[in-house]
Amino acid sequence: MTTRPNLLFIYSDQHNPYVMGCAGDPVVSTPNLDSLAAKGVLATEVYTPSPVCVPARMSMLSGRYPHEIDTWTNSHIMDSAVPTLAHSMGAAGYNPVLAGRMHFLGPDQLHGYSDRIIGDHGSLVPGTGDASFNFLEDIHESGAGGSGYQVIDEDTTAVAVEWLNRFALRKRASREEEPFNLTVGYILPHSPYIARKEDYDRYAGRVKPPTVRLPFSDLDHPFDKWWREHVNLVSPPE
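Quick note: this note's numbering has the sequence shown finishing at residue 279, numbered continuously throughout.
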């Protein structure tokens, strides 16, 4: 009988595929990702089905194009009847568990996962408020170089590691534990692009700082205007 492997899926957000040492970047330090790539699978010919977060994620989970599951924007809810990778993993005998970011909209926050050991960074149920979208307030409250996104990502890592440790203890005790299937979702490196001092100092002088085009008023597309107002970034600080 073939032994089924443990499965660990890690999702980052807005992560340029080249910003990893294992992908050839000569500056960035990603030893843990490099190790996982060396021991697992490094996909080099994968392209997103959508430039927008929710459609891309739902397409990836369902294996179908966004237009086939009526998920076009970050406001569209994928129907719970749509089969996902998590459903398939369950049918194959795994117990799929989700930790952290996945950007599920609506009341169904599982879509085939059997458990979600830590949730997303804020309410993703339409009509329950937009507290998670005030970027300026989040930055001010997090302090210099801080980010609420980094805090929730660190919490996600801690919870996922604790879950894996408990899994290992159970397996050692019973010797009959099924292989694990854990998906860990992170928000970073999603904007805003800020860094704690130790991270900033590590790359200071080695990476050219980005430039900001001023004034923002020259970005007149209706969606750009709505988004700046929605996240309280009508104009950048001087």
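Just so it is clear, CB atoms sit at the ideal spot from N, CA and C, and this is done for glycine as well.
Because the structure is a prediction, the values reported are computed rather than measured.
CB-CB length for residue i against residue j, believed under 8 angstroms
{"i": "Arg-247", "j": "Val-82", "result": "No, Arg-247 and Val-82 are not in contact; Cβ-Cβ is about 29 angstroms, not under 8 angstroms."}
{"i": "Tyr-229", "j": "Asp-194", "result": "In the sequence as presented, Tyr is not what sits at residue 229; that position holds Leu. Correct: roughly 5 angstroms between the Cβ atoms."}
{"i": "Val-123", "j": "Ser-103", "result": "5 angstroms"}
As assigned by DSSP and simplified to three states, the class of residue i
{"i": "Asp-179", "result": "helix"}
{"i": "Val-200", "result": "helix"}
{"i": "Asp-156", "result": "strand"}
{"i": "Asn-47", "result": "coil"}
{"i": "Tyr-52", "result": "strand"}
{"i": "Leu-229", "result": "coil"}
{"i": "Leu-255", "result": "coil"}
{"i": "Leu-151", "result": "coil"}
{"i": "Asn-57", "result": "coil"}
Sequence-distant residues of its chain with Cβ nearer than 6 angstroms to residue i (five each side left out)
{"i": "Leu-139", "result": "Tyr-154, Arg-157 and Thr-224"}
{"i": "Asn-47", "result": "Pro-220 and Phe-221"}
{"i": "Gly-189", "result": "Asp-179 and Ser-183"}
{"i": "Phe-6", "result": "The structure shown does not extend to residue 6, since the chain is modelled only from 42 to 279, so the question has no answer here."}
{"i": "Arg-216", "result": "none"}
Own chain, CB closer than 8 angstroms to residue i, minus 5 neighbours either side, in chain order
{"i": "Asp-65", "result": "According to the sequence shown, residue 65 is Gly rather than Asp. The answer, listed in chain order, is Tyr-59."}
CA-to-CA distance, residue j to residue i, given in whole angstroms
{"i": "Leu-210", "j": "Thr-89", "result": "38 angstroms"}
{"i": "Met-130", "j": "Asn-115", "result": "26 angstroms"}
{"i": "Ser-53", "j": "Pro-72", "result": "16 angstroms"}
{"i": "Arg-45", "j": "Leu-77", "result": "18 angstroms"}
{"i": "Glu-218", "j": "Asn-136", "result": "11 angstroms"}
{"i": "Asn-206", "j": "Lys-80", "result": "20 angstroms"}
{"i": "Gly-62", "j": "Asp-75", "result": "6 angstroms"}
Closer than 6 angstroms: residue i CB and nearest the ligand SAM heavy atom
{"i": "Glu-182", "result": "Looking for the ligand SAM in the displayed structure turns up nothing, as the structure carries no ligands at all."}
Sequence-distant residues of its chain with Cβ nearer than 7 angstroms to residue i (five each side left out)
{"i": "Val-200", "result": "Ala-140, Ile-158 and Ile-159"}
Continuous beta strand (DSSP E) assignments of at least 3 residues falling wholly in the segment 79-146: 137-141
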